[in-house]
């Protein structure tokens, strides 16, 4: 019963297996061994017969003593090349040692396992690919962390500058008012003008702070919406009137009513108008409202310097401002907020622009608000 059991076991092993007697005679082998060494049978073969058909890794012949040495020594591994099959083979030879192990009536001297090098390379290749993937992932994480740090530093720098500018201006103006008041030189028109300027500066500060709070809420997924039925045209007209300028005209092509969050609509329109005013070169700005099927469509068109196509995606990122020939305030949050809010409402935003001729931003939002969380 022993020999059939051994044969069944070694036949089930995926690697080549050869069992030698103490003097090097082959006692048993499986089909994989025949395939690797190019023999029809290893019955009555010896380690010398195997050695004659192989070379060492450097191409030199393998002596019988080299091939047989594992039979009397410690376990070892070495690479050989079969001249018959052209295959590279890793030999793992394990001597039985002083233990008395028999296969049938014969003593067992060593059990050797052979692995084709291509299989080893395949496994090493798989491990290498896994390592490369992990390394790439780690590098990507590192790049994202470095980018996040850069964004944070840029944000702190820009926010500090933008917040400090109106405060410094107001502080300077307060000193002037104080001196003029003390000397009796402050007139009512001058005071009215100062009140107007301070109101604009405070509005700018409030807008900056609101923008930063909006970005924080969007980034953390803490956007709460309260949709209600509303006239979209009235909401847009309210934002247009808020800018106190004849530069903006509003055309309501169709009356559009639906369910939205009023504050989100205000964010979309006010940020698009602010952007158009900044880059519109004080030329007319047109706002149009229409709807197609389930979509409400808002378009804001300016006639300023326009945007290069390669910057279409960039302008919707956080803290991004495309370099232009004019100096504008802000920290590059407006269009980012618009995009996030629009997509959070299940809509989309696109831009068409030609350098030197202006830009048109088109917002499409469904008539019925659906909350889509944005992380």
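Residue numbers (the working numbering): 1 to 375. Glycine included, every Cβ here is placed at the ideal spot set by N, Cα and C. In this text, all values refer to a predicted model and were calculated from it rather than measured experimentally.
Relative to the C-alpha of residue i, which residue among the options is closest?
i: residue 86; options: 13, 55 and 257; result: 55
i: residue 358; options: 275, 317 and 343; result: 275
i: residue 342; options: 354, 296 and 118; result: 296
i: residue 256; options: 4, 364 and 344; result: 364
i: residue 293; options: 175, 193 and 368; result: 368
i: residue 336; options: 186, 271 and 309; result: 271
i: residue 203; options: 102, 167 and 176; result: 167
i: residue 348; options: 316, 179 and 76; result: 316
i: residue 278; options: 22, 268, 176 and 334; result: 334
i: residue 252; options: 263, 231, 264 and 265; result: 231
i: residue 273; options: 206, 360 and 261; result: 360
i: residue 284; options: 291, 290, 266 and 250; result: 250
i: residue 353; options: 110, 366 and 299; result: 299
i: residue 340; options: 267, 356, 32 and 79; result: 267
i: residue 236; options: 181, 197, 287 and 281; result: 287
i: residue 80; options: 94, 108, 36 and 186; result: 36
Along the alpha helix (DSSP H) that carries residue i, what are the first and last residues, could you check?
i: residue 318; result: Here residue 318 belongs to no alpha helix (DSSP H), and DSSP marks it neither H nor E.
i: residue 87; result: First-last for residue 87: undefined, no H or E at that position.
Which residues does DSSP pair with residue i in a beta bridge?
i: residue 242; result: None; residue 242 has no bridge partner.
i: residue 79; result: 90
i: residue 291; result: 296
i: residue 275; result: According to DSSP, residue 275 bridges with nothing at all.
i: residue 251; result: 288
i: residue 231; result: 257
Identify the continuous beta strand (DSSP E) that holds residue i and give its terminal residues.
i: residue 283; result: Taken as a continuous stretch (DSSP letters only), residue 283 belongs to no beta strand (DSSP E), as it is neither H nor E.
i: residue 310; result: Looking at the DSSP string, residue 310 is not in any beta strand (DSSP E), and its letter there is neither H nor E.
i: residue 261; result: 257-261
i: residue 111; result: 110-116
Tell me the DSSP secondary structure of residue i in three-state form.
i: residue 20; result: strand
i: residue 356; result: coil
i: residue 341; result: helix
i: residue 350; result: strand
i: residue 305; result: coil
i: residue 54; result: strand
i: residue 380; result: This structure does not reach residue 380, given that the chain is present from 1 up to 375, and the question cannot be answered.
i: residue 63; result: coil
i: residue 226; result: coil
i: residue 128; result: helix
i: residue 362; result: strand
i: residue 46; result: strand
i: residue 95; result: strand
i: residue 103; result: strand
i: residue 140; result: helix
i: residue 40; result: coil
Within 8 Å (strictly less), CB to CB, does residue i reach chain B?
i: residue 95; result: Among the chains of the structure shown, chain B does not appear; only one protein chain is present.
Cβ pair count under 8 Å reaching 3, the segment 41-57 against the segment 141-151 | no
Cβ contact check for the segment 234-245 and the segment 307-318: 3 or more pairs under 8 Å | No, the segment 234-245 does not touch the segment 307-318.
The segment 128-136 contacting the segment 112-119, beta-carbon criterion three pairs below 8 Å | no
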